[in-house]
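*Asks:* Numbering (the working numbering), first residue to last: 11 to 328.
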Amino acid sequence: MIDMSKIETKDLKIGGYLVLLLSSLLYGGNVVAARFISGDIPPITLAVLRGLFGLLVLFPLARRSLRQSPMLNRQDLLRFALMGFLGITVAYASFLWSIQYSSATIVSIISATNPAITITLLAFGWKVIPSKLRASGIALSFLGLLVVIAQGSFARLISLNLSTSDLVMLLNVLAVSLFTIIGQGVMTKFSPIVTSVYSLLFGTIFLLPYGIWEAVYKSWNFTGSSMLVLLYMGCVVTGIAVLLNFEGISRLGSGKAAIFGNISPVFGILFACIFLGERLELYHWAGFTLVLAGIGLCLWPSSAKKTSQILHIEVTER
11 MIDMSKIETK DLKIGGYLVL LLSSLLYGGN VVAARFISGD IPPITLAVLR
61 GLFGLLVLFP LARRSLRQSP MLNRQDLLRF ALMGFLGITV AYASFLWSIQ
111 YSSATIVSII SATNPAITIT LLAFGWKVIP SKLRASGIAL SFLGLLVVIA
161 QGSFARLISL NLSTSDLVML LNVLAVSLFT IIGQGVMTKF SPIVTSVYSL
211 LFGTIFLLPY GIWEAVYKSW NFTGSSMLVL LYMGCVVTGI AVLLNFEGIS
261 RLGSGKAAIF GNISPVFGIL FACIFLGERL ELYHWAGFTL VLAGIGLCLW
311 PSSAKKTSQI LHIEVTER
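1) Can you confirm whether the region 67-79 touches the region 142-151 when touching is taken to mean that 3 or more C-beta pairs between the two stretches lie within less than 8 Å?
2) Does DSSP put N2 in a helix, a strand or coil?
3) Using the beta-carbon count (16 or more within 10 Å), is T55 buried or exposed?
4) Using the Cα positions of G297 and A126, report the straight-line distance between them to the nearest angstrom.
5) Give the single residue among G94, L82, L240, F232 whose Cα lies nearest to the Cα of L218.
6) Name the residue from G97, S118, S34 whose alpha carbon lies nearest to the alpha carbon of A160.
7) For L92, which of A185, L31, A133, G39 has the nearest alpha-carbon?
8) Under 8 Å: do the region 234-250 and the region 74-91 share three or more Cβ pairs, one atom per stretch?
9) Give the straight-line distance between the Cα atoms of E257 and S235, rounded to the nearest whole angstrom.
10) Under a Cβ-count criterion, where at least 16 other Cβ atoms within 10 Å of its own Cβ denotes burial, should L170 be classed as buried or exposed?
11) Is the Cβ-Cβ distance between P202 and L262 less than 8 Å?
12) When you compare the CB positions of S274 and Y111, do they come within less than 8 Å of one another, or not?
13) Pop quiz: I305 and N272 are said to be a contact at Cβ under 8 Å. What is the actual Cβ separation, rounded to whole angstroms?
14) With a Cβ-Cβ cutoff of 8 Å, do T99 and G193 count as a contact?
15) Do R60 and Y27 have their C-beta atoms closer together than 8 Å?
16) Could you compute how far the alpha carbon of N231 sits from the alpha carbon of A44?
17) When the distance is taken between beta carbons, is I129 closer than 8 Å to G265?
18) Considering only the alpha carbon of each residue, which of L188, L143, L280, G97 lies closest to F134?
19) When the Cα of M237 is compared with those of D50, L309, L35, which residue comes out closest?
20) Report all residues from its chain with a CB closer than 6 Å to the CB of E324; omit the five preceding and five following residues, and keep chain order.
21) Cα separation between L177 and I109?
22) Apply the 10 Å Cβ neighbour rule to S163 and answer buried if 16 or more other Cβ atoms are within range, or exposed otherwise.
23) Going by beta carbon distance, what residues of the same chain come within less than 6 Å of A225, once the five residues before and after it are set aside?
24) Measuring straight from C-alpha to C-alpha, what distance separates V301 and I47?
25) From Y227 to P52, what distance separates their C-alpha atoms?
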(Lines of atoms letter the chains of each structure in order from A; the text may use other names.)
(Lines give C-alpha, C1' and ligand atoms only; values in the text may rest on other atoms or scores of the structure.)
Protein backbone atom coordinates (compact mmCIF):
# COMPACT_ATOMS: atom_id res chain seq x y z
CA MET A 11 0.00 0.00 0.00
CA ILE A 12 1.28 3.45 -0.92
CA ASP A 13 2.08 5.69 2.06
CA MET A 14 0.57 9.04 1.01
CA SER A 15 2.16 10.86 3.95
CA LYS A 16 5.63 10.00 2.64
CA ILE A 17 4.70 11.23 -0.84
CA GLU A 18 3.36 14.50 0.59
CA THR A 19 6.51 14.95 2.68
CA LYS A 20 8.70 14.35 -0.38
CA ASP A 21 6.68 16.84 -2.46
CA LEU A 22 6.94 19.37 0.38
CA LYS A 23 10.73 19.02 0.41
CA ILE A 24 11.06 19.25 -3.37
CA GLY A 25 8.93 22.39 -3.31
CA GLY A 26 11.18 23.77 -0.56
CA TYR A 27 14.30 23.16 -2.65
CA LEU A 28 12.72 24.85 -5.68
CA VAL A 29 11.62 28.00 -3.82
CA LEU A 30 15.04 28.31 -2.16
CA LEU A 31 16.74 27.89 -5.53
CA LEU A 32 14.55 30.64 -7.01
CA SER A 33 15.18 32.83 -3.97
CA SER A 34 18.95 32.37 -4.43
CA LEU A 35 18.60 33.31 -8.09
CA LEU A 36 16.82 36.55 -7.18
CA TYR A 37 19.30 37.32 -4.39
CA GLY A 38 22.16 36.65 -6.81
CA GLY A 39 21.48 39.87 -8.67
CA ASN A 40 21.41 41.91 -5.48
CA VAL A 41 25.17 42.56 -5.22
CA VAL A 42 25.39 43.60 -8.87
CA ALA A 43 22.34 45.84 -8.46
CA ALA A 44 23.66 47.37 -5.23
CA ARG A 45 27.03 48.16 -6.81
CA PHE A 46 25.24 49.85 -9.68
CA ILE A 47 23.05 52.06 -7.50
CA SER A 48 25.31 52.63 -4.47
CA GLY A 49 26.53 56.05 -5.65
CA ASP A 50 23.08 57.30 -6.61
CA ILE A 51 21.05 56.94 -3.41
CA PRO A 52 22.28 57.24 0.23
CA PRO A 53 22.49 53.74 1.78
CA ILE A 54 19.92 54.01 4.60
CA THR A 55 17.48 55.85 2.36
CA LEU A 56 17.92 53.05 -0.17
CA ALA A 57 17.24 50.49 2.57
CA VAL A 58 14.02 52.32 3.52
CA LEU A 59 12.89 52.47 -0.11
CA ARG A 60 13.61 48.75 -0.48
CA GLY A 61 11.46 48.04 2.55
CA LEU A 62 8.59 50.22 1.34
CA PHE A 63 8.58 48.69 -2.15
CA GLY A 64 8.75 45.22 -0.62
CA LEU A 65 5.74 45.97 1.58
CA LEU A 66 3.81 47.25 -1.44
CA VAL A 67 4.33 43.83 -3.02
CA LEU A 68 3.69 41.72 0.07
CA PHE A 69 0.67 43.44 1.63
CA PRO A 70 -1.78 42.65 -1.21
CA LEU A 71 -0.57 39.04 -1.26
CA ALA A 72 -0.85 38.75 2.52
CA ARG A 73 -4.27 40.31 3.15
CA ARG A 74 -6.15 37.04 3.59
CA SER A 75 -3.35 35.42 5.61
CA LEU A 76 -3.12 38.45 7.90
CA ARG A 77 -6.86 38.28 8.62
CA GLN A 78 -6.71 34.55 9.33
CA SER A 79 -3.49 34.55 11.38
CA PRO A 80 -3.54 34.35 15.21
CA MET A 81 -3.82 37.59 17.16
CA LEU A 82 -0.47 39.10 18.04
CA ASN A 83 0.44 39.07 21.72
CA ARG A 84 3.30 40.95 23.36
CA GLN A 85 5.77 38.13 22.83
CA ASP A 86 4.87 37.90 19.13
CA LEU A 87 5.44 41.64 18.74
CA LEU A 88 8.83 41.34 20.43
CA ARG A 89 9.85 38.47 18.17
CA PHE A 90 8.78 40.29 15.00
CA ALA A 91 10.51 43.46 16.21
CA LEU A 92 13.71 41.49 16.84
CA MET A 93 13.47 39.83 13.44
CA GLY A 94 12.89 43.19 11.76
CA PHE A 95 15.84 44.73 13.57
CA LEU A 96 18.21 41.88 12.69
CA GLY A 97 17.06 40.86 9.22
CA ILE A 98 16.03 44.25 7.83
CA THR A 99 17.46 47.16 9.85
CA VAL A 100 20.92 45.75 10.57
CA ALA A 101 21.19 43.50 7.51
CA TYR A 102 20.08 46.03 4.87
CA ALA A 103 21.94 48.98 6.37
CA SER A 104 25.21 47.06 6.83
CA PHE A 105 25.04 45.51 3.35
CA LEU A 106 24.32 48.77 1.53
CA TRP A 107 26.97 50.64 3.54
CA SER A 108 29.60 47.93 3.01
CA ILE A 109 29.01 47.64 -0.74
CA GLN A 110 30.03 51.30 -1.12
CA TYR A 111 33.52 50.64 0.23
CA SER A 112 34.20 46.93 -0.35
CA SER A 113 34.65 45.11 -3.63
CA ALA A 114 31.93 42.76 -4.83
CA THR A 115 34.52 39.98 -4.50
CA ILE A 116 35.06 40.53 -0.78
CA VAL A 117 31.34 40.94 -0.15
CA SER A 118 30.69 37.63 -1.92
CA ILE A 119 33.33 35.84 0.18
CA ILE A 120 31.90 37.19 3.43
CA SER A 121 28.31 36.43 2.38
CA ALA A 122 29.35 32.86 1.63
CA THR A 123 30.14 32.31 5.33
CA ASN A 124 26.40 32.48 6.12
CA PRO A 125 25.74 28.71 6.02
CA ALA A 126 28.70 27.96 8.29
CA ILE A 127 27.71 30.69 10.76
CA THR A 128 24.07 29.55 10.78
CA ILE A 129 25.02 25.93 11.43
CA THR A 130 27.46 27.05 14.16
CA LEU A 131 24.78 29.14 15.87
CA LEU A 132 22.34 26.22 15.68
CA ALA A 133 24.95 23.94 17.26
CA PHE A 134 25.98 26.22 20.13
CA GLY A 135 22.77 28.16 20.75
CA TRP A 136 20.10 25.57 20.00
CA LYS A 137 21.98 22.26 20.36
CA VAL A 138 21.26 21.20 16.76
CA ILE A 139 24.47 19.39 15.81
CA PRO A 140 25.21 18.95 12.07
CA SER A 141 26.39 15.59 10.79
CA LYS A 142 29.95 15.16 9.54
CA LEU A 143 28.59 14.85 6.01
CA ARG A 144 26.78 18.19 6.26
CA ALA A 145 29.83 19.90 7.77
CA SER A 146 31.95 18.51 4.93
CA GLY A 147 29.41 19.79 2.41
CA ILE A 148 29.54 23.30 3.86
CA ALA A 149 33.35 23.29 3.73
CA LEU A 150 33.39 21.97 0.14
CA SER A 151 30.84 24.52 -1.01
CA PHE A 152 32.78 27.37 0.60
CA LEU A 153 35.98 26.09 -1.02
CA GLY A 154 34.26 26.28 -4.39
CA LEU A 155 33.40 29.92 -3.81
CA LEU A 156 36.97 30.69 -2.80
CA VAL A 157 38.22 29.09 -6.04
CA VAL A 158 35.93 31.36 -8.06
CA ILE A 159 36.59 34.54 -6.11
CA ALA A 160 40.36 33.99 -6.03
CA GLN A 161 40.29 33.14 -9.75
CA GLY A 162 42.07 29.88 -9.02
CA SER A 163 45.08 31.69 -7.51
CA PHE A 164 46.12 31.17 -3.88
CA ALA A 165 48.33 34.27 -4.09
CA ARG A 166 45.33 36.37 -5.09
CA LEU A 167 43.30 34.91 -2.22
CA ILE A 168 45.83 35.79 0.50
CA SER A 169 46.31 39.27 -0.96
CA LEU A 170 42.70 40.20 -0.19
CA ASN A 171 42.63 42.53 2.83
CA LEU A 172 39.74 43.03 5.24
CA SER A 173 38.76 46.63 6.02
CA THR A 174 36.27 48.20 8.42
CA SER A 175 33.54 47.85 5.80
CA ASP A 176 34.32 44.14 5.52
CA LEU A 177 33.90 43.73 9.28
CA VAL A 178 30.55 45.51 8.99
CA MET A 179 29.63 42.95 6.34
CA LEU A 180 30.45 40.19 8.85
CA LEU A 181 27.90 41.81 11.15
CA ASN A 182 25.45 41.54 8.25
CA VAL A 183 26.03 37.79 7.97
CA LEU A 184 25.60 37.26 11.72
CA ALA A 185 22.35 39.25 11.72
CA VAL A 186 20.96 37.33 8.74
CA SER A 187 21.84 34.00 10.37
CA LEU A 188 20.01 34.89 13.58
CA PHE A 189 17.10 36.26 11.54
CA THR A 190 16.82 32.94 9.70
CA ILE A 191 16.92 30.82 12.85
CA ILE A 192 14.43 32.94 14.80
CA GLY A 193 12.18 33.05 11.74
CA GLN A 194 11.93 29.26 11.77
CA GLY A 195 10.64 29.36 15.33
CA VAL A 196 8.15 32.12 14.54
CA MET A 197 6.75 30.11 11.63
CA THR A 198 5.56 27.38 13.97
CA LYS A 199 2.73 29.86 14.69
CA PHE A 200 2.60 32.22 11.68
CA SER A 201 2.71 31.56 7.94
CA PRO A 202 5.78 32.54 5.87
CA ILE A 203 4.01 35.50 4.24
CA VAL A 204 2.75 36.89 7.58
CA THR A 205 6.24 36.49 9.02
CA SER A 206 7.70 38.30 6.01
CA VAL A 207 5.26 41.22 6.29
CA TYR A 208 5.65 41.85 10.02
CA SER A 209 9.44 41.52 10.06
CA LEU A 210 9.77 43.81 7.03
CA LEU A 211 7.34 46.32 8.55
CA PHE A 212 9.22 46.54 11.85
CA GLY A 213 12.62 46.69 10.17
CA THR A 214 11.55 49.49 7.83
CA ILE A 215 10.06 51.49 10.72
CA PHE A 216 13.37 51.25 12.59
CA LEU A 217 15.24 52.53 9.52
CA LEU A 218 12.79 55.33 8.72
CA PRO A 219 14.05 58.21 10.96
CA TYR A 220 17.66 58.07 9.77
CA GLY A 221 16.57 57.30 6.21
CA ILE A 222 14.48 60.50 6.11
CA TRP A 223 17.36 62.54 7.57
CA GLU A 224 19.75 61.07 5.01
CA ALA A 225 17.32 61.76 2.15
CA VAL A 226 17.10 65.43 3.15
CA TYR A 227 20.77 66.17 3.87
CA LYS A 228 22.71 63.78 1.59
CA SER A 229 23.16 64.18 -2.17
CA TRP A 230 21.17 62.14 -4.72
CA ASN A 231 21.83 61.24 -8.33
CA PHE A 232 18.56 59.56 -9.23
CA THR A 233 18.12 58.42 -12.84
CA GLY A 234 15.77 56.21 -14.82
CA SER A 235 18.25 53.34 -14.51
CA SER A 236 18.40 53.87 -10.76
CA MET A 237 14.62 53.53 -10.59
CA LEU A 238 14.70 50.21 -12.44
CA VAL A 239 17.40 48.86 -10.12
CA LEU A 240 15.47 50.12 -7.08
CA LEU A 241 12.34 48.33 -8.29
CA TYR A 242 14.34 45.11 -8.63
CA MET A 243 15.93 45.43 -5.18
CA GLY A 244 12.67 46.46 -3.51
CA CYS A 245 9.88 44.55 -5.25
CA VAL A 246 11.76 41.46 -6.41
CA VAL A 247 14.47 40.91 -3.77
CA THR A 248 12.93 42.45 -0.64
CA GLY A 249 9.40 41.40 -1.56
CA ILE A 250 9.40 38.13 -3.47
CA ALA A 251 12.82 36.66 -2.54
CA VAL A 252 12.31 37.19 1.21
CA LEU A 253 8.92 35.48 1.01
CA LEU A 254 10.35 32.55 -0.97
CA ASN A 255 13.19 32.21 1.52
CA PHE A 256 10.78 31.99 4.46
CA GLU A 257 8.65 29.49 2.55
CA GLY A 258 11.75 27.33 2.08
CA ILE A 259 12.70 27.66 5.75
CA SER A 260 9.20 26.62 6.84
CA ARG A 261 9.43 23.48 4.67
CA LEU A 262 13.05 22.43 5.22
CA GLY A 263 14.33 24.21 8.33
CA SER A 264 16.90 26.97 8.75
CA GLY A 265 19.88 24.59 8.59
CA LYS A 266 19.08 23.34 5.09
CA ALA A 267 17.90 26.76 3.90
CA ALA A 268 21.21 28.34 4.87
CA ILE A 269 23.07 26.01 2.52
CA PHE A 270 21.40 27.67 -0.45
CA GLY A 271 23.14 30.90 0.53
CA ASN A 272 26.21 29.56 -1.26
CA ILE A 273 24.33 29.49 -4.56
CA SER A 274 23.56 33.22 -4.54
CA PRO A 275 27.19 34.30 -5.16
CA VAL A 276 27.34 31.81 -8.05
CA PHE A 277 24.28 33.41 -9.60
CA GLY A 278 25.81 36.81 -8.87
CA ILE A 279 28.90 35.92 -10.89
CA LEU A 280 26.73 34.65 -13.74
CA PHE A 281 24.77 37.91 -13.70
CA ALA A 282 28.05 39.84 -13.79
CA CYS A 283 29.00 37.89 -16.91
CA ILE A 284 25.64 38.62 -18.53
CA PHE A 285 25.22 42.28 -17.60
CA LEU A 286 28.81 43.45 -17.10
CA GLY A 287 30.41 41.50 -19.93
CA GLU A 288 32.70 39.37 -17.76
CA ARG A 289 33.88 36.03 -19.16
CA LEU A 290 33.43 32.58 -17.64
CA GLU A 291 36.83 30.95 -17.15
CA LEU A 292 37.85 27.41 -16.22
CA TYR A 293 38.14 28.32 -12.53
CA HIS A 294 34.51 29.49 -12.60
CA TRP A 295 33.34 26.07 -13.72
CA ALA A 296 35.62 24.31 -11.20
CA GLY A 297 34.27 26.47 -8.38
CA PHE A 298 30.65 26.01 -9.43
CA THR A 299 31.16 22.24 -9.47
CA LEU A 300 32.54 22.28 -5.92
CA VAL A 301 29.67 24.48 -4.71
CA LEU A 302 27.04 22.16 -6.18
CA ALA A 303 28.85 19.07 -4.85
CA GLY A 304 28.94 20.62 -1.38
CA ILE A 305 25.24 21.43 -1.49
CA GLY A 306 24.56 17.87 -2.64
CA LEU A 307 26.40 16.52 0.43
CA CYS A 308 24.45 18.84 2.72
CA LEU A 309 21.14 17.70 1.29
CA TRP A 310 22.02 14.00 1.27
CA PRO A 311 19.34 12.18 3.32
CA SER A 312 21.72 10.81 5.95
CA SER A 313 23.12 14.29 6.61
CA ALA A 314 19.71 15.80 7.17
CA LYS A 315 18.41 13.68 10.05
CA LYS A 316 19.90 15.71 12.87
CA THR A 317 18.74 19.09 11.57
CA SER A 318 15.37 18.25 10.11
CA GLN A 319 13.33 19.04 13.18
CA ILE A 320 11.47 22.31 13.52
CA LEU A 321 13.00 24.51 16.20
CA HIS A 322 10.77 26.12 18.79
CA ILE A 323 12.73 29.26 19.56
CA GLU A 324 11.50 31.77 22.09
CA VAL A 325 12.97 35.26 21.98
CA THR A 326 12.80 35.50 25.75
CA GLU A 327 15.21 32.57 26.04
CA ARG A 328 17.97 34.32 24.11
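The beta-carbon is built from N, C-alpha and C at its ideal position, and this holds for glycine as well.
These numbers come from a predicted model, not from an experiment.
*Replies:* Let me lay it out:
1) no
2) An answer regarding residue 2 cannot be provided, because it is not within the stretch 11 to 328 covered by the chain.
3) buried
4) 18 Å
5) G94
6) S118
7) A185
8) no
9) 31 Å
10) exposed
11) no
12) no
13) 7 Å
14) no
15) no
16) 14 Å
17) yes
18) L188
19) D50
20) With a pLDDT of 35 at E324, under the threshold of 50, the modelled position of this residue cannot be trusted; read the value that follows with caution. Nothing meets the Cβ criterion.
21) 12 Å
22) exposed
23) T55
24) 29 Å
25) 10 Å
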